[in-house]
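These notes concern the structure reproduced below.
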């Protein structure tokens, strides 16, 4: 016996991990959506608030969304044991 | 921004208009893709097709949007309207646009000695480093504006660099022909900051006390 994991637990663990990766992709999509909107806000007319929202919030959110997407892809590859 | 049919650089205006349209179009496509994925394929985001669409919507299109939006926004932020969008700058802009004003900025504006982007031309040096420095300062001003972390009344930071005036005037024959502008003493005093343009030619903007 010892610390051996019962075989029936493994598929469930994999499924939970897949669910988390899906959540990560959902969060990345939502952040990307908000980030894109804020980034192009000053195109409608330049005001200090729109500039601040674009540079300080929108663009970092777009970067964060891409980073989360890359992380999710890497986790997915690891889950499939490609990496 | 009203279109100027006598624009100095119609090519740049046209490129900006196209770039602006392209940025908006890319942002719209990316947004529609993301909405489609979030609404219709939320449970199937791990499928290869969905992941490729996500790559397009989160990587490919946003790269274009960020690059294009920054170029367009930074170019448009050179305009007088953009400078006047901060309320503490409005008295300066108002005075500059007043045809009755005799301040240096107003004289340059009403006579179109500087045809466009008048604030930016006088408050930034020539060339790429001038642009970068001006943008860095602009972002700094934005942070100070929203954090309310600046001394009132606002003043120009340090002495106004005389090179900003001389970049246009120094080689002008009208400038060189003036007797007071000749002689080594004049140029030495100018270069050491002992003499400035406003000593003889009046102030560039009204004093803060006059602004409402």
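Protein chains in written order, with my numbering: chain A, 326 to 408; chain B, 2 to 213.
Quick reminder that beta carbons are idealized off the backbone N, C-alpha and C, glycines included.
Here the structure is a predicted model, which means the values were calculated and not measured.
- So, is residue 112 of chain B buried or exposed, given that buried needs 16 or more other C-beta atoms within 10 angstroms? In the second chain, the residue the question calls residue 112 of chain B occupies position 111. Burial call: exposed.
- Message: Using beta carbons (cut-off 7 angstroms, strictly below), is residue 385 of chain A in contact with chain B?
- Response: Counted from its first residue, the first chain places residue 385 of chain A at position 60. So, not an interface residue.
- Message: Is the separation between the beta-carbon of residue 119 of chain B and that of residue 81 of chain B shorter than 7 angstroms?
- Response: Looking up residue 119 of chain B in the second chain gives position 118. Looking up residue 81 of chain B in the second chain gives position 80. The answer is yes: Cβ separation under 7 angstroms.
- Message: For the alpha helix (DSSP H) containing residue 401 of chain A, name the first residue and the last one.
- Response: The sequence position of residue 401 of chain A within the first chain is 76, counting from 1. 384-404 is the span of the alpha helix (DSSP H), which, as asked, contains residue 401 of chain A.
- residue 408 of chain A CB to nearest chain B CB: under 7 angstroms? As a first step, residue 408 of chain A must be located in the first chain, where it is residue number 83. Closer than 7 angstroms: no.
- Item | residue 104 of chain B, DSSP secondary structure in three states | Locating residue 104 of chain B in the second chain gives position 103, counting from the first residue. Here residue 104 of chain B sits in coil by DSSP.
- Query: If you draw a straight line from the alpha carbon of residue 402 of chain A to that of residue 359 of chain A, how long is it in whole angstroms?
  - Reply: As a first step, residue 402 of chain A must be located in the first chain, where it is residue number 77. As a first step, residue 359 of chain A must be located in the first chain, where it is residue number 34. In a straight line, the C-alpha of residue 402 of chain A is about 27 angstroms away from that of residue 359 of chain A.
- Message: residue 26 of chain B and residue 66 of chain B - do their beta-carbons sit closer together than 7 angstroms?
- Response: Counted from its first residue, the second chain places residue 66 of chain B at position 65. Counted from its first residue, the second chain places residue 26 of chain B at position 25. Contact: no.
- Can you give the beta carbon distance from residue 49 of chain B to residue 391 of chain A, rounded, assuming they're within the 8 angstroms contact cut? Taking the first residue of the second chain as position 1, residue 49 of chain B is located at position 48. Taking the first residue of the first chain as position 1, residue 391 of chain A is located at position 66. Going by Cβ atoms, the distance from residue 49 of chain B to residue 391 of chain A rounds to 19 angstroms, so no, they are not a contact pair.
- Item | Proximity of residue 46 of chain B and residue 347 of chain A at Cβ, strictly below 7 angstroms | Numbered from its first residue, the second chain carries residue 46 of chain B at position 45. Numbered from its first residue, the first chain carries residue 347 of chain A at position 22. Against a cut-off of 7 angstroms, the Cβ pair of residue 347 of chain A and residue 46 of chain B comes out as a contact.
- Message: Report the start-end ranges of each alpha helix (DSSP H) in the stretch 154-207 of chain B that is 4 residues or longer and not cut off at the edges.
- Response: 164-170, 174-178, 185-193, 198-202
- So which of B/84, B/32, B/83 has the shortest CA-CA distance to residue 57 of chain B? Along the second chain, one-based indexing puts residue 57 of chain B at 56. When each option's Cα is compared against that of residue 57 of chain B, the closest is B/32.
- Ends of the alpha helix (DSSP H) at residue 78 of chain B? Residue numbering aside, residue 78 of chain B sits at position 77 when the second chain is read from its first letter. Run containing residue 78 of chain B: none; DSSP gives neither H nor E here.
- residue 130 of chain B versus residue 345 of chain A: straight-line alpha-carbon distance, rounded: Residue 130 of chain B sits at position 129 when you count from the first residue of the second chain. Residue 345 of chain A sits at position 20 when you count from the first residue of the first chain. Residue 345 of chain A has its alpha-carbon roughly 46 angstroms from the corresponding atom of residue 130 of chain B.
- Between residue 213 of chain B and chain A, is there a C-beta pair that is closer than 7 angstroms? Start at 1 with the first residue of the second chain, and residue 213 of chain B comes out as number 212. Any reading at residue 213 of chain B must be qualified, since the residue scores a pLDDT of 48, below 50, and its modelled position is unreliable; no value is offered.
- Integer Cβ distance of residue 132 of chain B from residue 206 of chain B, believed to fall under 8 angstroms: As a working mapping, residue 132 of chain B is identified with position 131 in the second chain. As a working mapping, residue 206 of chain B is identified with position 205 in the second chain. At roughly 23 angstroms, the Cβ-Cβ gap does not stay under 8 angstroms, so residue 132 of chain B and residue 206 of chain B are not in contact.
- Which word fits residue 79 of chain B, buried or exposed, when buried means at least 16 other C-beta atoms lie within 10 angstroms of its C-beta? For this step, residue 79 of chain B is matched to residue 78 along the second chain. Buried, by the Cβ-count rule.
- Hey, is residue 86 of chain B's beta-carbon within less than 7 angstroms of any beta-carbon in chain A? Translated into positions along the second chain, residue 86 of chain B becomes position 85. So yes, residue 86 of chain B belongs to the interface.
- Task: Anything in chain B within Cβ reach of residue 347 of chain A, meaning under 9 angstroms, just list it in chain order.
- Result: Taking the first chain and counting its residues from 1, one reaches residue 347 of chain A at position 22. Going along chain B in sequence order, the residues near residue 347 of chain A (Cβ under 9 angstroms) are 43, 44, 45, 46, 47.
- Message: Let's see if you can read the secondary structure: which residues bound the alpha helix (DSSP H) around residue 114 of chain B?
- Response: Sequence index remark: in the second chain, residue 114 of chain B carries index 113 (1-based). No alpha helix (DSSP H) contains residue 114 of chain B, which DSSP labels as neither H nor E.
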